[in-house]
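J.: Numbering (the working numbering), first residue to last: 22 to 183.
1) Using the beta-carbon count (16 or more within 10 Å), is residue 176 buried or exposed?
2) Which residues in the same chain as residue 113 place their Cβ atom closer than 6 Å to its Cβ, once the five residues preceding and following it in sequence are excluded?
3) Ignoring anything shorter than 3 residues, give me the beta strand (DSSP E) runs that lie fully in the stretch 55-136, in order along the chain.
4) Just tell me which of 164, 153, 117 has its CA closest to the CA of residue 170.
5) Would you mind sorting residue 164 into buried or exposed? The rule is 16 or more other CB atoms within 10 Å of its CB.
6) Of the choices 172, 69, 162, 59, whose alpha-carbon is the least far from that of residue 192?
7) Whose C-beta lies closer than 7 Å to the C-beta of residue 156 among residues of the same chain, with five residues either side of it excluded?
8) Are residue 85 and residue 50 touching if we call contact CB-CB under 9 Å?
9) Assuming contact is defined by CB atoms lying nearer than 9 Å, are residue 97 and residue 69 in contact in what I supplied?
10) Which two residues bound the contiguous beta strand (DSSP E) that contains residue 143?
11) May I ask you to check if the CB of residue 155 is nearer than 8 Å to at least one heavy atom of the ligand SAH?
12) Does DSSP put residue 169 in a helix, in a strand, or in coil?
13) Report the rounded CA-to-CA distance for residue 126 versus residue 82, giving the unit in angstroms.
14) Rounded to whole angstroms, what's the CA-CA distance from residue 166 to residue 142? Just pull it up for me.
15) In chain order, what residues of the same chain have a beta carbon less than 6 Å from the beta carbon of residue 174, not counting five sequence neighbours either side?
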């Protein structure tokens, strides 16, 4: 199984105390794309200092609630999977800035997604939306929305309000 760990150059290293020895935990991005995965592998949950989780081009349909243990996540890429809804567990992650769900089977967004108060980029293009998810209009930090290649019946005027 291909798997890649990256250390972001501008992210600090935090010491952790394991018994009498001091070890250094590095905040990393985990990339397990193109592996045919149907679930998030357990080893992803063992790296507590994860800032980015890239699981694109798999067959994932749901997210284990253990994702909430990855409290430092800022970037999630679930594009090209089999999600028919955004898992509610993701809506409790406090530092998410980028959420990529392109090329899935989404037709709605949960109201709880507005809890992602730091979300700056949301990619939901190439899904099955017919109604524009108006919850997006409540996301005040959102700067980039990709919603092309859906089947919107109309765009509500509130979508273009300042």
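Backbone N, C-alpha and C fix where the C-beta goes; we use that ideal spot for every residue, glycine too.
T.: For this structure:
1) To locate residue 176, count along the chain shown from 1; it is residue 155. Looking at its Cβ environment, which holds fewer than 16 other Cβ atoms inside 10 Å, residue 176 is exposed.
2) Locating residue 113 in the chain shown gives position 92, where the first residue counts as 1. Cβ neighbours of residue 113 beyond the five flanking positions: 89.
3) Segments of the beta strand (DSSP E) lying fully in the stretch 55-136: 71-75, 96-98, 119-121.
4) Numbered from 1 along the chain shown, position 149 holds the residue referred to as residue 170. When each option's Cα is compared against that of residue 170, the closest is 153.
5) Within the chain shown, the letter at position 143 stands for residue 164. When all chains shown are included, residue 164 counts as exposed.
6) Outside the displayed range of the chain (22 to 183) lies residue 192, so it cannot be described from this structure.
7) Start at 1 with the first residue of the chain shown, and residue 156 comes out as number 135. Counting only Cβ-Cβ distances below 7 Å, and skipping sequence neighbours, we find 130, 132, 134, 135.
8) Mapped onto the chain shown, residue 85 falls at position 64. Mapped onto the chain shown, residue 50 falls at position 29. Between residue 85 and residue 50, the C-beta gap is not smaller than 9 Å, which leaves the two residues out of contact.
9) Here residue 97 corresponds to residue number 76 of the chain shown, with the count starting at 1. Here residue 69 corresponds to residue number 48 of the chain shown, with the count starting at 1. No.
10) As a working note, residue 143 is residue 122 in the chain shown. First-last of the beta strand (DSSP E) with residue 143: 142-144.
11) By its list of ligands, the structure shown contains no ligand whatsoever, and the ligand SAH lies outside what it can speak to.
12) By one-based count along the chain shown, residue 169 stands at place 148. In the structure shown, residue 169 adopts coil according to DSSP, grouped into three states.
13) If you number the chain shown from 1, residue 126 lands on position 105. If you number the chain shown from 1, residue 82 lands on position 61. Straight-line Cα distance between these residues: approximately 9 Å.
14) Taking the first residue of the chain shown as position 1, residue 166 is located at position 145. Taking the first residue of the chain shown as position 1, residue 142 is located at position 121. Cα to Cα, the separation comes out at about 6 Å.
15) The residue labelled residue 174 in the question sits at position 153 within the chain shown. So the list reads 151, once near-sequence residues are dropped.
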